[in-house]
Structure formats: structure tokens, C-alpha cells
Amino acid sequence: MKMLGKIIIDTERCKGCGLCVTVCPKGRIIISKRSNKSGYFPAEPAGPPMADCTGCAMCAIICPEAVIEVYRDENTVGGPSKKDRPILVKDK
Ligand code: SF4
Ligand code: SF4
112 MKMLGKIIID
122 TERCKGCGLC
132 VTVCPKGRII
142 ISKRSNKSGY
152 FPAEPAGPPM
162 ADCTGCAMCA
172 IICPEAVIEV
182 YRDENTVGGP
192 SKKDRPILVK
202 DK
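Numbering (this note's numbering), first residue to last: 112 to 203.
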């Protein structure tokens, strides 16, 4: 069974601590080379498409700033033809 995940990071509120980068089992998060308005270098998804993101939500759980939203598409089991209906896993 294959589940696809997707994350959205609020880069302006990210402090660039890098914890999410270290916990992602798929290596799907990197630290940006561009700073945000607060002067931090924020985390960002490691380039689209996030094909390997499982939606495990480890990144959102570890984030001390609670700026990561995780969406998981439970309907990708049968392939992309299934109705795309992402589900918000965690919204702290
Ligand atoms: S949800 Fe899991 S796989 Fe996806 S970016 Fe976060 S830690 Fe990585
Ligand atoms: S854990 Fe949160 S604050 Fe730290 S780099 Fe990742 S998104 Fe930014």
C-alpha cells in the first residue's frame, strides 16, 4: 500500500533549526539558501515533486515552531486515477 504525503512549511515563521531535516526518514526537507524576513534560513521541501514523502508527520511533530502542515492522500493506493483528496494530518 502506497501513501503519498505532502508538506507545507510556513517559511516566514520557520527558525531554521533543522530538526525537521534530521528526522525526515525520506530526506525530503532541506534548508533554504535564501533567508526569510526574520533572517533565518528556513526549511523547505526538497524540490518538487515530493514523491517520497509518506505523510508520516515526523517533521511536523518535531518542529518546535509548529509551522509544518502535513497532508496525506489516502486515495493513492490504487494509483493516480483515484480521486485526489488530500487529508490534513496535523495542524498545530
Ligand atoms: S511527512 Fe514524513 S516523509 Fe514527509 S517530509 Fe515530513 S518527515 Fe519527511
Ligand atoms: S523544525 Fe520547524 S522551525 Fe525547525 S527548521 Fe524545520 S520547519 Fe523550521
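Note that the Cβ used here is the ideal one computed from N, Cα and C, for glycine as well.
Query, Result
"Neighbourhood of F152 by C-beta, 8 Å cutoff - its chain only, sequence neighbours within 5 removed", "G127, I142, S143, K144, R145 and S146"
"Whole-angstrom C-beta distance between A157 and I140, which should lie under 8 Å", "6 Å"
"Whole-angstrom distance between P136 and D163, CA atom to CA atom", "9 Å"
"Proximity test, Cβ basis, 8 Å: L199 and chain B", "In summary, chain B is missing from the structure at hand, where a single protein chain is found."
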